[in-house]
Amino acid sequence: MGHVYSPLRKPLVDGDKSMHDITHDVCRSIEGKPTALWWYGFLVSAAVLGVFLVVTGWTLYEGIGVWGLNKTVGWGFDITNFVFWVGIGHAGTLISAVLHLFRQKWRTSINRSAEAMTLFAVVCAGLFPLIHMGRLWIGFLWVAPYPNLRGPLWVNFRSPLLWDVFAISTYLTISAVFWYIGLIPDLATVRDRAKHWARKLFYGTLAQGWNGSVRNWNHYEKAYMIFAGLATPLVFSVHSIVSMDFATSVIPGWHTTIFPPYFVAGAIFSGFGMVLTLLLIARKTMRLESYITLDHLESMGKVIILTGSMVGLAYGTEFFIAWYSGSIYESFAFINRATGPFAWSYWIMVSCNVISPQTLWFRKLRRNPWFLFILSIFVNIGMWFERFVIIVTSLHRDYLPSSWSYYYPTTIEVLELVGSFGLFFFLFFLFVRVMPAVAFGEVKGVLKMGKNYDPTGASAKKHVPHDDKPAEGTPEVSHA
Amino acid sequence: MPKEKNKFFLGVFTDEDDVKPATQACADADFTFHDVFAPYEVHGLDRAMGLSQSKITWVTFLCGLMGTTIALGGMSYVSWWDWPLNIGGKSPFPLPAFIPVTFELTVLIGGVCTMMGLFALCRIFPGKKARLFHPRVTDDRFVIVIEVDEDFDEAKCREIFTRHNAEEMKLVDHDYAADPADAEASVEGGAA
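Structure (structure tokens):
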């Protein structure tokens, strides 16, 4: 005894699982032979990754002249892809760090795969500015602050582009560390289930001799909290800094003070879109319906309405300020955005990002996996177009009408975008085969939640008026 | 501390709601804990065992501070001392422009050192062989390991473990280690 579990709280795990069931359910997808569906997905993404390698190799060999950029539109698909993928990379840390600090226990069944998704998205993102430099092999000289061949000439620490280098590399490193720390106890479980010596060696090395000692859990619990505390401001800083690549310039359409919060909201929005896409596939193909329940999907749906509406508000604010500021350049940029030659991309963005998420006000739709899947694809498309709109429509008609132009991406650029999805899914498929895709150690910790769930609420009125308050006469409430 | 190698007395539990009060009772009885083992983080079990707050926060704080210093110091050296550029008469030490990089390096160095500090405090490293006190301790069993020293009272300890629904109790040698390969056998033994 000693604990009381609120009858108001719904179970976080369906199907009355025991702790051993959880271990077994998660581990079976990395033990034994992979399913046909996994091979299919893995091979298709490997093929698409192959395309990416070929076109990127060609770009590096030939130079970025193979892209459709011109004197007026100097940033196109490459930087759009970069910002898009960085945005995708925000949901993982939000789920693992921010929701941890807010004690949102439902995060436990989705945080592992969301963190993995973060890592892979940031890998995809980081590649594009590197490719954009053209001469990748000397790129190090341009971004690393060290005394170099050009004499004591340093990188410019006042430039947001350099801040970005620090932000993205820190984010990648800390996300990887956070992910790995979370993995250690689960890897120890996998190690102890392993039969083959190679698996024992592989998982044993990664698990570092973890044996579940409470003396270690004592440090671990604190360290995990610290990582959540470090990663939370980090996740907000990263997309703020990415937005400063634009906001600190003097290009109408970019020179906007609301960019940092607007980009962060957009990043969370797009990240949750991608988390939904991936988890809906994962729960189906890996039979994780008991862990990634409709309640999880519904919660993510709510985050999508919230952030989608924030993004919508930001679009409106930009227009209002363009008019209210009285700056003719600013108003031109925005009227051109909505009605000019790139209006088609603007309206794709608005319909996908602002209009489509509003359907989630209906509970039935929030709890419909097929609907959510289609919606999440729309969100992904809309958020890619948001970055395209911001970058290209602000550039293509500048101060000098004689240099106005249009931007047509080349096949190479399109294939690089498609190919980056190949890289992303290739890494993700590899991850679900090699690492436990659900943080089952954490799921076990919340298993007891909702054990006394009483849908009628009758016993709730008798016993527990609020989740966090103990019933009368019981000494302690569960923190599990 | 032990001059000759103590034996250990183990209690195996299946539920965190049993192991926590059992640990507390053992602590109240002044038994010496070798350790307690849990398959997941049970909040408050470390306190029940009498462990104090982890010192790892200091590692993060000091290393984070080091990151701040390196970032601010490095950037000041570069743009103030080593190669000052006069850009429209602006300050050679533009603090607001240095904040993003300073923040990122604080988090980066603080975070990476916290990871290394965690490994050091837990004394874990790649290649270390895990010593398990139950084949399923990383799956679904909790184990309380008490040192058999002069304060130890087996009858009392058995009584505490039984009162808290221990699944199994045994006296083992100092160098006892369970083999995870035995886990299958104990599955049949039955969790609730």
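Keeping their order, the protein sequence lines are chains X and L.
The numbering used here applies: residue 1 is where the first sequence begins, and numbers increase by one.
The numbering used here applies: residue 481 is where the second sequence begins, and numbers increase by one.
We put the beta carbon where it would ideally sit given N, CA and C, even for glycine.
Owing to the predicted nature of the structure, the values given are computational and were not obtained by experimental measurement.
key: Length of the line joining the Cα atoms of residue 381 of chain X and residue 322 of chain X   = In the first sequence, counting from the first residue as 1, residue 381 of chain X sits at position 381. In the first sequence, counting from the first residue as 1, residue 322 of chain X sits at position 322. Taking the straight line joining both Cα atoms gives about 26 angstroms.
inquiry  = Can you tell me whether residue 253 of chain X is buried or exposed? The criterion is at least 16 other CB atoms within 10 Å of its CB, across all chains shown.
reply    = Here residue 253 of chain X is taken as the residue at index 253 of the first sequence, counted from 1. Counting C-beta atoms within 10 angstroms of its own C-beta, residue 253 of chain X has 16 or more neighbours from the protein chains shown and is therefore classed as buried.
task = Closer than 6 angstroms by C-beta to residue 614 of chain L: which residues in its own chain qualify, once you throw out the five before and the five after it? Chain order, please.
result = Taking the first residue of the second sequence as position 1, residue 614 of chain L is located at position 134. Excluding residues within five positions, the ones whose Cβ falls inside 6 angstroms are 492, 621, 623 and 658.
ask   = What's the gap between the Cα of residue 117 of chain X and the Cα of residue 561 of chain L?
value = If you number the first sequence from 1, residue 117 of chain X lands on position 117. If you number the second sequence from 1, residue 561 of chain L lands on position 81. Their Cα atoms are separated by approximately 42 angstroms.
task = Within the same chain, show all residues whose beta-carbon is closer than 6 angstroms to that of residue 367 of chain X, passing over the 5 residues directly before and after it, in chain order.
result = In the first sequence, residue 367 of chain X corresponds to position 367, counting from 1. These residues qualify, in order along the chain: 294 and 298.
key: chain X residues whose Cβ lies nearer than 7 angstroms to that of residue 656 of chain L   = Translated into positions along the second sequence, residue 656 of chain L becomes position 176. Chain X residues near residue 656 of chain L: none, gap ~13 angstroms exceeds 7 angstroms.
query = Using 8 angstroms as the threshold, is the segment 588 to 600 of chain L in touch with the segment 542 to 550 of chain L, meaning 3 or more CB pairs across them?
reply = yes
ask   = Along chain X, in chain order, which residues have C-beta atoms closer than 8 angstroms to that of residue 577 of chain L?
value = In the second sequence, residue 577 of chain L corresponds to position 97, counting from 1. Per Cβ cutoff of 8 angstroms: 157 and 158.
inquiry  = Please tell me whether residue 463 of chain X has its Cβ less than 8 angstroms away from any Cβ of chain L.
reply    = Reading the first sequence from its first residue, position 463 is the one you call residue 463 of chain X. Low confidence applies here, because residue 463 of chain X scores a pLDDT of 48, under 50, leaving its location unreliable; read the following figure in that light. For residue 463 of chain X, the answer is no, since every Cβ of chain L falls outside 8 angstroms of its Cβ.
query = Closest Cβ-Cβ distance between residue 179 of chain X and chain L: below 8 angstroms?
reply = One-based indexing of the first sequence puts residue 179 of chain X at position 179. Not closer than 8 angstroms to any Cβ of chain L, the Cβ of residue 179 of chain X fails to qualify, so no.
inquiry  = From the DSSP secondary-structure annotation, give me the bridge partner or partners of residue 626 of chain L.
reply    = For the purposes of this step, residue 626 of chain L is identified with residue 146 of the second sequence, where counting begins at 1. DSSP output for residue 626 of chain L lists L/489 and L/513 as bridge partner(s).
inquiry  = Can you tell me whether residue 650 of chain L is helix, strand or coil according to DSSP?
reply    = In the second sequence, counting from the first residue as 1, residue 650 of chain L sits at position 170. Residue 650 of chain L: strand per DSSP, three-state reduction.
Beta-ladder partner(s) of residue 365 of chain X, from DSSP = Counting from one through the first sequence, the residue named residue 365 of chain X turns up at place 365. Paired residue(s): none; residue 365 of chain X is not in a bridge.
ask   = Got a sec? Which residues, its chain only, sit under 6 angstroms from residue 530 of chain L by beta carbon, not counting five neighbours each side?
value = One-based indexing of the second sequence puts residue 530 of chain L at position 50. Excluding positions up to five away in sequence, the list reads 507.
query = On the three-pair Cβ rule with 8 angstroms, is the segment 93 to 101 of chain X touching the segment 383 to 400 of chain X?
reply = no
task = Measure from the alpha carbon of residue 552 of chain L to the alpha carbon of each residue in L/567, L/540, L/573 and L/568, then state which is nearest.
result = Translated into the one-based positions of the second sequence, residue 552 of chain L becomes position 72. Minimum Cα distance to residue 552 of chain L is reached at L/573.
query = For chain L, is any of its Cβ atoms less than 8 angstroms away from the one on residue 153 of chain X?
reply = Taking the first residue of the first sequence as position 1, residue 153 of chain X is located at position 153. Yes, residue 153 of chain X counts as interfacial toward chain L.
ask   = Since residue 93 of chain X is in the alpha helix (DSSP H), which residue starts that stretch and which ends it?
value = Within the first sequence, numbered from 1, the residue matching residue 93 of chain X stands at position 93. Start and end: 90 to 93.
Cβ contact check for the segment 40 to 50 of chain X and the segment 408 to 425 of chain X: 3 or more pairs under 8 angstroms = yes
key: Any alpha helix (DSSP H) of 4 or more consecutive residues that is wholly inside the segment 529 to 581 of chain L   = 536 to 556
request  = Report the three-state DSSP secondary structure of residue 478 of chain X (helix, strand or coil).
outcome  = Against the first sequence, residue 478 of chain X aligns to sequence position 478. Here residue 478 of chain X scores only 44 on pLDDT, less than 50, and its place in the model should not be relied on; the value that follows carries that caveat. Here DSSP, grouped into helix, strand and coil, assigns residue 478 of chain X to coil.
task = For residue 213 of chain X, write down the residues that DSSP places opposite it in a beta bridge.
result = Position 213 of the first sequence, counted from the first residue, corresponds to residue 213 of chain X. DSSP output for residue 213 of chain X lists L/517 as bridge partner(s).
task = Spell out whether any CB of chain L is found under 8 angstroms from the CB atom of residue 214 of chain X.
result = Position 214 of the first sequence holds residue 214 of chain X. So yes, residue 214 of chain X belongs to the interface.
query = By how many angstroms is the C-alpha of residue 51 of chain X removed from the C-alpha of residue 108 of chain X?
reply = Along the first sequence, one-based indexing puts residue 108 of chain X at 108. Along the first sequence, one-based indexing puts residue 51 of chain X at 51. If I take the Cα positions, the gap works out to 36 angstroms.
inquiry  = Would you say the beta carbon of residue 634 of chain L is closer than 7 angstroms to some non-hydrogen atom of the ligand HEM?
reply    = With respect to the ligand HEM, the structure offers nothing, as it holds no ligand at all.
request  = Check whether the segment 119 to 134 of chain X touches the segment 78 to 90 of chain X, taking contact to mean three or more Cβ pairs, one atom from each stretch, closer than 8 angstroms.
outcome  = These segments touch.
request  = Taking only beta-carbon positions, decide if residue 519 of chain L is within less than 8 angstroms of chain X.
outcome  = For the purposes of this step, residue 519 of chain L is taken as the residue at position 39 of the second sequence. Yes, because at least one Cβ of chain X sits closer than 8 angstroms to the Cβ of residue 519 of chain L.
key: Own chain, CB closer than 8 angstroms to residue 462 of chain X, minus 5 neighbours either side, in chain order   = In the first sequence, residue 462 of chain X corresponds to position 462, counting from 1. Reliability fails at residue 462 of chain X, whose pLDDT of 48 lies under 50, so the model's placement of it is uncertain and no value is given.
request  = Note down, in chain order, each residue of its chain lying with its Cβ closer than 7 angstroms to the Cβ of residue 371 of chain X, except the 5 sequence neighbours on either side.
outcome  = For the purposes of this step, residue 371 of chain X is taken as the residue at position 371 of the first sequence. For residue 371 of chain X, where only same-chain residues beyond five positions count, the Cβ hits under 7 angstroms are 365.
query = How is the alpha helix (DSSP H) around residue 45 of chain X delimited, first residue to last?
reply = Numbered from 1 along the first sequence, position 45 holds the residue referred to as residue 45 of chain X. Where residue 45 of chain X is concerned, the enclosing alpha helix (DSSP H) stretches over 36 to 62.
ask   = Is there contact between the segment 205 to 214 of chain X and the segment 513 to 520 of chain L, where contact requires at least three CB pairs shorter than 8 angstroms?
value = yes
task = Under 7 angstroms Cβ to Cβ from residue 161 of chain X, same chain only, skipping five residues before and after it: list those, please.
result = The residue given as residue 161 of chain X occupies position 161 in the first sequence. 245, listed in sequence order.
query = If we cut at 8 angstroms on Cβ distances, does residue 1 of chain X have a partner in chain L?
reply = On the first sequence, residue 1 of chain X is found 1 positions in, with the first residue counted as 1. Only weak support exists for where residue 1 of chain X lies, its pLDDT of 40 falling under 50; the coordinates are left without a value.
query = Span of the alpha helix (DSSP H) holding residue 163 of chain X?
reply = Looking up residue 163 of chain X in the first sequence gives position 163. Start and end: 160 to 193.
ask   = Is there at least one Cβ from chain X nearer than 8 angstroms to residue 667 of chain L's Cβ?
value = Residue mapping note: residue 667 of chain L aligns to position 187 of the second sequence, counting from 1. In this predicted model, residue 667 of chain L has a pLDDT of only 48, less than 50, meaning its place in the structure is not dependable; the value taken from the coordinates is given anyway. Residue-level contact check: residue 667 of chain L touches chain X, since one or more beta carbons of chain X fall below 8 angstroms from its beta carbon.
ask   = Short check: CB of residue 494 of chain L to CB of residue 627 of chain L, under 8 angstroms?
value = Along the second sequence, one-based indexing puts residue 494 of chain L at 14. Along the second sequence, one-based indexing puts residue 627 of chain L at 147. Going by C-beta atoms, residue 494 of chain L is not nearer than 8 angstroms to residue 627 of chain L.
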